[in-house]
Amino acid sequence: MATPADAPTYFRKGFGLKTEVQADLASDYDGRLVDFLRANDYELTAGDVTIKLAREFGFCYGVERAVEYAYQARRKFPDRRIFLVGEIIHNPHVNARLREMGIEILMPGAEGFDFSGVRADDVVIMPAFGVTIGDFEALRTIGCILVDTTCGSVLNVWKRVESYARDGFTALIHGKYYHEETRATASQVRKYPGGQYIVVRNMDEAKLVCGYIEGTVSAATILERFRDAVSPGFDPAQHLQRIGVANQTTMLARESLAIGEEVGATIARVRGDAARAADFRTFDTICSATQERQDAVTELLREPLDVMVVIGGFNSSNTISLAALCGERVPTYHIDSATGIDPDAKTVHFRRVGIHHEEADRAGWLPDGPVRVGITAGASTPNNKIGETVARILATRGVVANV
Ligand code: SF4
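Straight run, no breaks: the sequence shown in this note's numbering ends on number 1123.
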């Protein structure tokens, strides 16, 4: 069925079917055990295991909205092919559920996304992270129906980066250059001719940039180290003069703040306070949901805990940030789903904290005797998966819980 020529093809507020999809969303993602924990001051003791849940965890407003719009799109267009530009969020369970609903997830190849199979009568959903300007233009050219679920907090970062490019500042983005959100954010500099960006992953990389500003690191080193993380034509001599700092919304807030301060202080040290005032800008663009989850887990870590379990996709940036915070204080297991815990074998399959893409298995991970287990979950983890995790932890000690 073709879309009439005068019909709208771009939607970013859903289709007015919120009520119609609520029951499906609740049955796919709500969790009774989490409801129980919430109602009992975020604590549950069974046998010699005490579970402590962080007070902010799991699905954020942006994820709830994106997933709901995908469900609305399926209901609105039951007979059309529906594609997703990459994963809607970084949660394996949610993405699998969307696939079961007949939504095809396009994955990028070495050259980015291939939209050659998308037709004008198809529906394409853009994820909560947003898409690059190039991908957006390609989809508009096809003329398909676009369901844009880009989170408002991501749009705020885009506006900031766009303003840097407009005013002749290079956007220095604290993020992961390969992450969908950061790729989309960095592409915003293209809205202005000559717009430039550089993506730094952590303080170590920020210090390299600062080293260049101070004259202790060469341009060749910068270009080699950041070859995948700078805009085309990036010239350190020209493009590290005026810098505006922004960040991927899900990074460790504390580190983002420190990076902004370090870059500003370096400019002031090398070129004086007037240069800092004229040629440096910084704005904390961590989203409030990420901040609240990091604050809540920091609060939880003040209590005596033997182990932390952090639930979320292994490629979920905000989950990785939560695990990094926990790993500083207590043995921490970042699992991507409840099935990472095997109650019979008493093992856990987890991503090592702070080690890129390294997964491991551990037997006997739950200490013997009375044990206090802290739990949190990334912004893309639904409550039923958190509840299943709690049930498996209890089952490891022979306690059966009703999820
Ligand atoms: S983590 Fe923040 S920016 Fe990302 S979808 Fe959630 S609310 Fe939006």
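Glycine residues also receive a C-beta, built at the ideal position from the N, C-alpha and C atoms.
- DSSP lists D868 as the bridge partner or partners of M846.
- Contact check for I893 and N815: beta-carbon distance about 25 Å, past the 8 Å limit, so the pair fails to qualify.
- By the Cβ-count criterion, Q908 is buried, with 16 or more other Cβ atoms from all chains shown falling within 10 Å of its own Cβ.
- In its chain, beyond the 5 residues on either side, no residue has a beta carbon closer than 7 Å to the beta carbon of A743.
- Around the beta carbon of G1032, 16 or more other beta carbons lie within 10 angstroms, which makes this residue buried.
- Counted as a single uninterrupted DSSP element, the stretch harbouring I1075 is not any beta strand (DSSP E), since DSSP gives it neither H nor E.
- Set against 7 Å, the gap from the CB of N967 to the closest heavy atom of ligand 1 is not smaller.
- The Cβ-Cβ distance between Y884 and G964 falls below 8 Å.
- With respect to the 8 Å criterion, V881 and C864 are not classified as neighbours on the basis of their beta carbons.
- Nearest C-alpha to A973 among V1068, S1008, V929 and E776: S1008.
- Take E900, set aside five residues on each side of it, and the residues of its chain with a beta-carbon closer than 7 Å to its own are G806, P847 and F849, in chain order.
- The Cβ-Cβ distance between T1005 and N811 does not fall below 8 Å.
- In this structure, the C-beta of Y749 stays at least 7 Å away from each heavy atom of ligand 1.
- Pairing Y1053 with V1017 gives a Cβ-Cβ distance that is not under 8 Å.
- Judged by beta-carbon spacing, F797 lies beyond the 8 Å limit of L826, meaning their Cβ atoms are not closer than that value.
- Relative to ligand 1, even the nearest heavy atom lies 7 Å or more away from the CB of Y898.
- G778 is positioned such that its CB atom lies closer than 8 Å to that of I1106.
- For the pair Y730 and N1038, the Cα-to-Cα distance works out to about 29 Å.
- Per DSSP, the beta-bridge partners of Y730 are L866.
- The three-state secondary structure of D1081, taken from DSSP, is strand.
- The three-state reading of DSSP puts T1018 in helix, counting H, G and I together.
- Nearest to R732 by alpha-carbon distance, out of Q792, G1084, K927 and G980, is Q792.
- With a cutoff of 8 Å on beta-carbon distance, P1102 and Y749 are scored as near each other.
- Under the criterion of beta carbons closer than 8 Å, L1086 and R1049 do not qualify as touching, at roughly 18 Å.
- Environment of ligand 1, chain-ordered: C780, Y781, G782, V783, A848, C871, S873, V874, T969, T970, C1007, A1009, T1010, N1038 and A1099, taking every residue with Cβ within less than 6 Å of a heavy atom.
- Selection Y912, S1057 and Y917 evaluated against T905 yields Y917 as nearest (Cα-Cα).
- Going by beta carbons, A759 and V1119 fall outside the 8 Å limit.
- The C-beta distance from R775 to Y789 rounds to 27 Å, too long to meet the 8 Å contact threshold.
- Your pair E934 and V990 checks out as a contact, with CB atoms roughly 6 Å apart and the cut at 8 Å.
- N1104 has its alpha-carbon roughly 19 Å from the corresponding atom of L1042.
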